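Written out below as structure tokens is the structure these notes cover.
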Amino acid sequence: MGEPAITIQEHEKRQEWWWAAEKKRSDRLDYLRKAMWKKGAIGGLYPPGLYVDLERPVLQTEKARELESSPDPYVIKFAKILAHVLDTKTIFITDHSQLVGYLGSLPNTITWDPTLAAILNHEVMNDPSAIPEPEEESLKIITDVTDYWAGKSDLDKILPYMDLDDSMKVLSGAIGWGVPLSRGGYSGKDYEYIMTGARAFEDIIEELDRRIDEADEKAHEPGATKEISDLYDKMNMWEAMKITLEASIRYAKRYARLARIIAENYETDDKRKEELLQIAEVCERVPAKPPRTLQESLQYDLFIQLFSRNEAIEGAWPARPDYYHGSYYEKQVNVDKTLTKEEALDLIGEFLIRAAEVSQYKPKWTREGLQGIEGTWVWTLGGVKKDGSDACNGMTIAFLQASRLVRIANPTFAFRWHPRVSDEVMREVFECIRQGLGYPSMRNDPVLIANAMNWHGHPIEEARTWAHQACMSPAPCTKHGFQPMRMANATVNCAKIIEYVFTSGFDNVVNMQIGAETPDAATFTEYDQVFDAWVTQMKTVFSILVRPVNRARILAPKMTPRPFLSAVSERSVESGLDVCEPSISRGNAWITAFTWVENADSLAAIKKLVFDEKKYTMAEIKEALASDWEGYEEMRLDFVKNAPKWGNDDDYVDDVMLDCLHEAAAFSRELKCPSGNNWPILPENVSGNIHYANIVGALPNGRRLGDALYDGGISPGPGLDKKGPTAVLKSCSKIDHISDGRAFLLNQRLSPTQLAGEKGYQLWKTYMKTWADLGLDHVQFNCVSDETLKNAQRDPEKYQEVIVRVAGYSAHFVDISRKTQDNIIQRTVQGLG
Amino acid sequence: MPTCEECKNFFSWEDDPRKGDCVERAVDPRQAYYKAKPVNADQDSADCSSFQKK
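Protein chains in written order, with this note's numbering: chain Y, 28 to 860; chain P, 17 to 70.
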């Protein structure tokens, strides 16, 4: 006799959330969840069974060759290449699915876009783990494609127009990551234009035709003014937009046709036949026409996301799905009763799975920095409407419930908390956290709306539409407020700032002068000299990274245009200008500040041990750091143990943190984006603390080269916050979360035992009240015990589904490196109450 | 020379019978699905391993 089956309640009591979810969800969701190919890299390498899709690069290359002799301007040629891919790529419909569409030709493929950067293409060629069999044949294709795009890719085209010195420093990988490309970062969307149900692709095409006709008429008036001359460029842009929209409609209809073929020729199950015919109807409707049902709305959204990724690599997925799909849910589930809650959960759960599957080949440094996930799909839930009233709806709850059923690590959610959020919604939020998903992260809506107005001048009605751009940064979803281009190289490895104070800007790891040539730190006799050098290095490093982004943004409309994204953006449809054109964008730039807190802890250690207590000289520290603390262990321990550390409500080090932030904030207002707006900083990390471990040299907080850096944002160093959760919150509350920066990430670990039951909810709610009262803008929780995590390290096969919050994203624990795993275990488990 | 339109997997387009979808059932280690790719009706399918005479 076998063992009696364990009940759902028993699984929940044992906190075996994965097993409980498996039993709770529908057969369809269970199939689809297990059918999903996880695309996140493990240790920088793609998991077995996945391979690079060669169909798309071949299609792009054959079309590009065909168009070489065409008189079309570049933007139209580019649009035709995108259309060719949509018209001819392989499509598929997975059994039991109700939503369709994937970037690659088959479910286990990773798409590769060879038009972006020759360096990326060379990575593909040298990535034996991802090249499909037969290898020899694949290599021939990869070589042909790579050779063709050498010199023609976006990066190859724009690099000659960049500052060579800046480019070399950026590409060194020491101070930032990423490349300044409009099609190589990620983009927000003008959801207020495209997702409100007011219009869809056929409506936009009609408007484009009208604008082209009007412009054409005007262009043939006498007189060759600049205005008339510009109309020719606009007509080309409008034409390119139209090509992409028409191809997108055709692509959806290909799915409609396939669904009908399966229903009429292969499927024997009547219920499934009906579902397939429903898929056909949906794909005939959207994206051509506005959605009418929840299924159509989700399918429409999914298509838009896929088309945007047909055009560009998108490393994030800014979205506010409960807000834009909520009315369809409300109508069908609560008013018309044409859809049950369970049927809605099936659709929403599948929507999460379809998003989780999306994959685009990315360079190894990105895969290392985003361990275990494909990109930061942090979807925004909750918040307020444009009039300030509560925006939570049935779909908010449904998304939270669906996430607990499918338990995927990407997308994750961030919840816009505000004082009018109902207890019912808060309990759903808490349940996700308690069940160890690591999400949603909690965002303070009133603070962040005020912050958006303060830093970027977004009007309040627009600021209230904000959605996460990646892990942390808000941007509105409006005509002039949405962000069309985020380039990750405005991401600063800030620990280098304090490192360069001791090397006069010379980077000993990559062996080049990167920072400013500040005076020899050994000669400093006052703390102010140290801090002045720090400020100089901060300004220098920030500027090196911001300049190429600004330059690329200015070059983007002509050299690296985005006709599809433009076509779904009101400002471009109206103006005929590319979506990246700075003059039609308000600007919403920010500097992501990786490895930030090391600066405050290091400066405080120097201030106390060198200048207050005079235990050491600057020359000694300089020497100790140059030796990677080797031969200075006693001294190193003094810097680790006896210097004040951020996160303990200690004014000594907290004031240093504020000094650093105030200097950065002041400089953020000097740095301007091409739209003339500010570049505030945003401390957060993803898993950059591990990626940069071997790139950042020894630091005055006692860290050695190779040691993991802190887990980021304004989170205290792991294990260094010794005075409890309130002290952490109090330290963080000394920062002005509206004017000191764009947002501040805070990781906290809570005990799953303590969060059990109603008492756990009340404890958490009290904690959240303190957090809100103190005015913090962000907090996120890991709620998995040390025991579970250590067991997962010992026996990963048994713990495949344990999810943890890494930084601004979640990942399956077994998919992240040992160093990152250890770093999470080392974080202090805060006891509440 | 066999052509795609002679194959069971070929489904011609209503608006252009010279073209059609090649539809196949596939099963990978995780999921089962139907896939489709556009082909020309008169395309040579002599070397196609999936060809099935109608």
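Ideal Cβ placement from N, Cα and C applies to all residues, glycine included.
Quantities reported herein were computed from a predicted structural model and do not represent experimental measurements.
Thinking C-beta only, is residue j closer than 8 Å to residue i?
i, j, result
"Y/Y368", "Y/R491", "Sequence check: residue 368 of chain Y is Lys here, not Tyr. No, these two residues do not count as a Cβ contact at 8 Å."
"Y/G342", "Y/T439", "no"
"Y/A770", "Y/P501", "yes"
"Y/I255", "Y/A267", "no"
"Y/L72", "Y/N135", "no"
"Y/Y355", "Y/T407", "no"
"Y/A201", "Y/N437", "no"
"Y/V624", "Y/S742", "yes"
"Y/V833", "Y/T847", "yes"
"Y/V112", "Y/R83", "yes"
"Y/H38", "Y/A47", "yes"
"Y/A157", "Y/I185", "no"
"Y/G353", "Y/M422", "yes"
"Y/L427", "Y/E451", "no"
"Y/N705", "Y/F666", "no"
"Y/L130", "Y/N337", "yes"
"Y/R845", "Y/N774", "no"
"Y/K862", "Y/P74", "Given that chain Y is displayed from residue 28 to residue 860, the structure contains no residue 862 of chain Y and the question cannot be resolved."
Out of the options, which one is the CA nearest neighbour of residue i?
i, options, result
"Y/F591", "Y/S96, Y/P74, Y/A32 and Y/K107", "Y/K107"
"Y/V600", "Y/Q42, Y/A691, Y/I221 and Y/K50", "Y/I221"
"Y/P486", "Y/T505, Y/M499, Y/D472 and Y/R470", "Y/T505"
"Y/P159", "Y/V576, Y/F694, Y/V79 and Y/E455", "Y/V79"
"P/K53", "P/F26, P/T19 and P/P18", "P/F26"
"Y/W493", "Y/D236, Y/Y351 and Y/L432", "Y/Y351"
"Y/T797", "Y/R832, Y/C759, Y/V433 and Y/R821", "Y/C759"
"Y/N716", "Y/F569, Y/G396 and Y/G729", "Y/G396"
"Y/Y794", "Y/V755, Y/Y327, Y/E377 and Y/E43", "Y/V755"
"Y/I762", "Y/W673, Y/Q807, Y/R821 and Y/L664", "Y/W673"
"Y/V537", "Y/V197, Y/L86 and Y/W139", "Y/V197"
"Y/V683", "Y/N626, Y/K642, Y/R731 and Y/C810", "Y/N626"
"Y/E608", "Y/G508, Y/Y659, Y/E291 and Y/Y175", "Y/G508"
"Y/M565", "Y/M512, Y/V576, Y/H689 and Y/V680", "Y/H689"
"Y/S441", "Y/R447, Y/W392, Y/Q496 and Y/G484", "It is Ala, not Ser, that sits at residue 441 of chain Y in the sequence shown. Per the Cα distances, Y/Q496."
"Y/V448", "Y/N471, Y/G215 and Y/L325", "Y/N471"
"Y/L475", "Y/S766, Y/E455, Y/S97 and Y/K66", "Y/S766"
"Y/S180", "Y/M195, Y/V829 and Y/R210", "Y/R210"
Tell me whether residue i sits in a helix, a strand or coil according to DSSP, three-state version.
i, result
"Y/D822", "coil"
"Y/I435", "coil"
"Y/L861", "This structure cannot speak to residue 861 of chain Y, because chain Y is shown only from 28 to 860."
"Y/P249", "coil"
"Y/S758", "helix"
"Y/H507", "coil"
"Y/H21", "Look at the range of chain Y in this structure, 28 to 860, and you will see that residue 21 of chain Y is not part of it."
"Y/V385", "coil"
"P/F27", "strand"
"Y/W344", "coil"
"Y/P187", "helix"
"Y/W204", "coil"
"Y/V723", "coil"
Give the interface partners of residue i over in chain P, defined as CB-CB distance under 7 Å, in chain order.
i, result
"Y/A62", "R46 and Q47"
"Y/G421", "Chain P residues near Y/G421: none, gap ~30 Å exceeds 7 Å."
Counting only Cβ pairs nearer than 8 Å, list the residues of chain P close to residue i.
i, result
"Y/P134", "D44, R46, Q47 and Y49"
"Y/T121", "Q47, A48 and Y49"
"Y/T117", "K51, A52 and K53"
Closer than 7 Å by beta-carbon distance: list the chain Y residues that pair up with residue i, in chain order.
i, result
"P/D32", "Per Cβ cutoff of 7 Å: no residues; P/D32 is ~12 Å from chain Y at best."
"P/D37", "R284, L285 and I288"
"P/F27", "I288"
Can you pull the chain P residues whose beta carbon is under 9 Å from the beta carbon of residue i, in chain order?
i, result
"Y/G76", "D44, P45 and R46"
"Y/Y293", "V39, R41 and Y50"
Report yes or no: do three or more beta-carbon pairs, one from the stretch 576-585 of chain Y and one from the stretch 463-472 of chain Y, lie closer than 8 Å? no
Pairing CB atoms from the stretch 305-322 of chain Y with CB atoms from the stretch 228-237 of chain Y, are three or more of them under 8 Å? yes
With contact counted as at least three CB pairs below 8 Å, one residue from each stretch, are the stretch 424-438 of chain Y and the stretch 50-60 of chain Y in contact? yes
Is there contact between the stretch 549-556 of chain Y and the stretch 634-653 of chain Y, where contact requires at least three CB pairs shorter than 8 Å? yes
For the stretch 604-623 of chain Y against the stretch 700-714 of chain Y, are there 3 or more C-beta pairs whose distance is under 8 Å? yes
Could you tell me whether the stretch 735-749 of chain Y touches the stretch 665-679 of chain Y, where touching means 3 or more Cβ pairs closer than 8 Å? yes
Contact the stretch 271-281 of chain Y vs the stretch 113-121 of chain Y: 3+ CB pairs below 8 Å: yes
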